[in-house]
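Peer 1: Mind the numbering: the sequence shown is residues -22 to -1, 1 to 143 in mature numbering (1 follows the signal peptide of the UniProt record, and there is no 0), read in order.
Positions of the beta carbon are idealized from the N, C-alpha and C atoms, including for glycine.
All figures in this text were calculated on a predicted structure; none of them were measured in a lab.
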Amino acid sequence: MLRLVFPTLAVLLLASCSTLPTQPPASRHLKTTLYDSKPVKVETGIASWYKDKRTASGERFDVNALTAAHKKLPFGTKVKVVDLKTNKSIIVRINDRGPYKRGRVIDLSIGAARRLGMYDRGIAKVRLEVLKEIPIMDKPNLHWKPMRVDEYAESDSPTPRQVIR
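Quick look at the structure:
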């Protein structure tokens, strides 16, 4: 019995020295993406949906992601897809090549087709608008310095009464 106690205690002691992997802290900043109101390119044609296992970009195909396949647009391009029948629109990211059927301009993932409302129809006449991302400042202003109230009172900044008048 004593022969088992010492090895068990040694294992427990060693196990208590280990640490759990830490996860990076969740970002407090939500990424907001702005797009230019004027599209870079506009294309009209037939959209369909598809399912696959791998994409031409090498990433695993996620049927629920808002992604699409296009013959020529670079991977990572954001495209606004507008269903011309319902006027619904979604923004998808190009991560695959296709479609391979004649007359089709884009293949949507199942998730994108459902969000657009064309999943049950199978195909839809759409307008593609290639979007241009507008860079925005996502880092805090490094020159900003917090001030205590008494420092603010001593500074040349106007008082609230001076601003109101």
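At what residues does the alpha helix (DSSP H) containing I88 begin and finish?
Peer 2: I88 -> alpha helix (DSSP H) spans I88 to L94.
Peer 1: Tell me whether T45 is buried or exposed, calling it buried when 16 or more other Cβ atoms sit within 10 Å of its Cβ.
Peer 2: buried
Peer 1: So, do the region 14 to 33 and the region 83 to 93 have three or more beta carbon pairs nearer to each other than 8 Å?
Peer 2: yes
Peer 1: Express the C-alpha separation of I101 and I72 in angstroms, rounding to a whole number.
Peer 2: 18 Å
Peer 1: Quick one: give me the first and last residue of the beta strand (DSSP E) that T45 is part of.
Peer 2: Boundaries of the beta strand (DSSP E) harbouring T45: T45 to A47, taken from the DSSP string.
Peer 1: Between the C-alpha atoms of A34 and D74, what's the straight-line distance to the nearest angstrom?
Peer 2: 5 Å
Peer 1: Count the other CB atoms, across all protein chains shown, that sit within 10 Å of the CB of I84; report buried if there are 16 or more and exposed otherwise.
Peer 2: buried
Peer 1: If we ignore side chains and look at the alpha-carbon of each, how far apart do E107 and K49 end up?
Peer 2: Distance between the alpha carbons of E107 and K49 is about 15 Å.
Peer 1: So what does DSSP say about V(-18), is it helix, strand or coil?
Peer 2: helix
Peer 1: What are the boundary residues of the beta strand (DSSP E) that includes T22?
Peer 2: Residues K19 to W27.
Peer 1: Cβ of D40 within 7 Å of Cβ of M96?
Peer 2: no
Peer 1: For Q140, which three-state DSSP category applies?
Peer 2: For Q140, the predicted model reports a pLDDT of 49, less than 50, meaning its position is unreliable and no value from the coordinates is stated.
Peer 1: In whole angstroms, what is the alpha-carbon distance linking D98 and K110?
Peer 2: 30 Å
Peer 1: What's the call for L(-14), buried or exposed, on a 16-neighbour Cβ count within 10 Å?
Peer 2: exposed
Peer 1: Give me the DSSP bridge partner(s) of S67.
Peer 2: V60
Peer 1: What residue range is occupied by the uninterrupted beta strand (DSSP E) comprising V104?
Peer 2: Note, V104: beta strand (DSSP E), I101 to V108.
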